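J.:
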Amino acid sequence: MDKAEALRRLEEEIRTCTRCRLHATRTHAVPGEGPYNAMVMFIGEAPGYYEDKQGKPFVGAAGRYLNKLLAQSGLRREEVYITNIVKCRPPKNRDPLPDEIQACEPFLDRQIELIDPRIIVTLGRFALHHFIPGASITRVHGQPRKIGKRLFFPVFHPAAGLYQPKWQPLLEEDFRKLGQLVQALRENPDSASYEQLSLFPENGEARGDTTQ
Numbered sequence: 508m509d510k511a512e513a514l515r516r517l518e519e520e521i522r523t524c525t526r527c528r529l530h531a532t533r534t535h536a537v538p539g540e541g542p543y544n545a546m547v548m549f550i551g552e553a554p555g556y557y558e559d560k561q562g563k564p565f566v567g568a569a570g571r572y573l574n575k576l577l578a579q580s581g582l583r584r585e586e587v588y589i590t591n592i593v594k595c596r597p598p599k600n601r602d603p604l605p606d607e608i609q610a611c612e613p614f615l616d617r618q619i620e621l622i623d624p625r626i627i628v629t630l631g632r633f634a635l636h637h638f639i640p641g642a643s644i645t646r647v648h649g650q651p652r653k654i655g656k657r658l659f660f661p662v663f664h665p666a667a668g669l670y671q672p673k674w675q676p677l678l679e680e681d682f683r684k685l686g687q688l689v690q691a692l693r694e695n696p697d698s699a700s701y702e703q704l705s706l707f708p709e710n711g712e713a714r715g716d717t718t719q
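Sequential numbering of the sequence shown, starting at 508, is according to the numbering used here.
1. Rounded to a whole number of angstroms, what is the C-alpha to C-alpha distance between G686 and S580?
2. Within a Cβ cutoff of 7 Å, which residues of the same chain sit near A634, ignoring the five residues on either side of it in sequence?
3. Which runs of the beta strand (DSSP E) at least 3 residues long sit entirely within the segment 579–606? Give them in chain order.
4. Give the DSSP-derived three-state secondary structure of G668 in the structure shown.
5. Measuring straight from C-alpha to C-alpha, what distance separates D559 and A642?
6. Just checking my contact of R596 with P554 at CB under 8 Å: how many whole Å lie between their CB atoms?
7. Could you check what DSSP says for D509 in three-state terms: helix, strand or coil?
8. Closer than 6 Å by C-beta to I521: which residues in its own chain qualify, once you throw out the five before and the five after it? Chain order, please.
9. At 3 residues or longer, what runs of the beta strand (DSSP E) sit wholly inside the segment 637–663?
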């Protein structure tokens, strides 16, 4: 089975999932969207109202802002893969609970394994903490971290920029840096060149990524 078909089957499995309580209140599960061979993978928190209705990630106001940020960074939405830590909408858009995150974890792990992105962009604290527990988004945003063969690039969730406009300049600057990083990797995909980028802090260890 090729990767495209494997990803399609995984997405169908997510759509029919009943592993946690959220399946009882959802309209649609939201597996994710994008090419099976995306270089960049964006991981958010959970679907919202419009995502639940349409079964697609980031289609509401936060999604429109994400599209704007992508355009400013030189990326096109159709060339990146977008998903969430939790695949079903929590009631009233509450925070996802630990057992709900745990129920979806195997799906996310398999998505990462199949797509094998070079860069994982974590949108907000829930996605960040899934991979780098205890990290402060206000301290590490916009700082790529090389772990194994991947780069993790934490940014604020686009919704944070809508609810708190003071974060918008930081989001826009971080996406500008992301665009530079993607361009640098396209021009020189050799991982040895990562450390030459002045954007880098020290390497760390991330949960959920065992590829070395």
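All residues carry an ideal CB built from backbone N, CA and C; glycine is no exception.
This structure is a prediction, so every number in the text was calculated from the model and none was measured.
T.: Inspection of the coordinates gives the following:
1. Against the sequence shown, residue 686 aligns to sequence position 179. Against the sequence shown, residue 580 aligns to sequence position 73. Looking at the two C-alpha atoms, the distance is approximately 4 Å.
2. Working through the sequence shown from its first residue, we reach residue 634 at position 127. For A634, where only same-chain residues beyond five positions count, the Cβ hits under 7 Å are I550, G551, E552, I592.
3. 588–591
4. In the sequence shown, the residue the question calls residue 668 occupies position 161. In the structure shown, G668 sits in a helix (DSSP, three-state: H, G or I).
5. Walking along the sequence shown from the start, residue 559 turns up at place 52. Walking along the sequence shown from the start, residue 642 turns up at place 135. Spanning the two alpha carbons is a distance of roughly 29 Å.
6. Position 89 of the sequence shown holds residue 596. Position 47 of the sequence shown holds residue 554. Sure, about 4 Å apart at Cβ, within 8 Å.
7. The residue you call residue 509 lines up with position 2 of the sequence shown. DSSP places D509 in coil when its eight states are reduced to three.
8. As a first step, residue 521 must be located in the sequence shown, where it is residue number 14. Excluding positions up to five away in sequence, the list reads A536, P538, K594, F614.
9. 652–654, 657–662
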